[in-house]
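I have placed the structure first, in the form of structure tokens, so that the comments after it can refer back to it.
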């Protein structure tokens with residue numbers, strides 16, 4: 013049995029995804045985006061058999077939430093794809109599950125071909141910290 017990890021995006025501060033098995037079954041999961049760096053891998057590992065059988069990853073890059081959480085999540089799934097030598101691809105809101113299957117069949121057997129990058133709807137708002145830094149040299 014092979015499975016496909018699908019990252020659907022963020023709704024109401026929750027990252028939603030699913031595992032799609034080659035038999036047609038779908039297992040959904042949801043985690044908070046607040047601590048995505050601490051919760052993503054454990055959430056995937058809870059579905060041990062599907063995670064072990066993962067043959068590809070599809071990510072919807074246009075709805076990943078905040079700047080930091082989207083970068084952390086994409087870094088994690090890119091690293092998983094790289095370490096397992098499996099393909100990773102993007103999809104949009106209009107892409108349905110059937111198209112996702114076709115995409116992964118086309119990529120099947122190719123292994124890791126490159127990273128997925130986020131799509132931002134506006135530039136990041138990075139400001140200088142207002143906190144005064146105190147340094148002591150001893």
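Numbering (our numbering), first residue to last: 13 to 150.
The beta-carbon is built from N, C-alpha and C at its ideal position, and this holds for glycine as well.
Asked: With a CB to CB cut of under 6 Å and the five nearest residues on each side skipped, what residues in its chain are close to residue 42?; Found: 26, 28
Asked: With H, G and I counted as helix, E and B as strand and the rest as coil, what does DSSP make of residue 13?; Found: coil
Asked: Assign residue 70 to one of three DSSP states: helix, strand, or coil.; Found: strand
Asked: Round the Cβ separation of residue 39 and residue 62 to the nearest angstrom and send it over; I've been treating them as touching at under 8 Å.; Found: 6 Å
Asked: Taking the CB atoms as reference points, tell me whether residue 86 and residue 22 lie closer together than 8 Å.; Found: no
Asked: Leaving out five residues on either side along the sequence, give the residues of the same chain with a beta carbon under 8 Å from the beta carbon of residue 83.; Found: 130
Asked: State the Cα-Cα distance for the pair residue 93 and residue 13, rounded to the nearest angstrom.; Found: 18 Å
Asked: If you check the beta carbons only, do residue 98 and residue 71 fall under 8 Å apart?; Found: no
Asked: Give me the Cα-Cα distance between residue 128 and residue 140, rounded to the nearest whole angstrom.; Found: 29 Å
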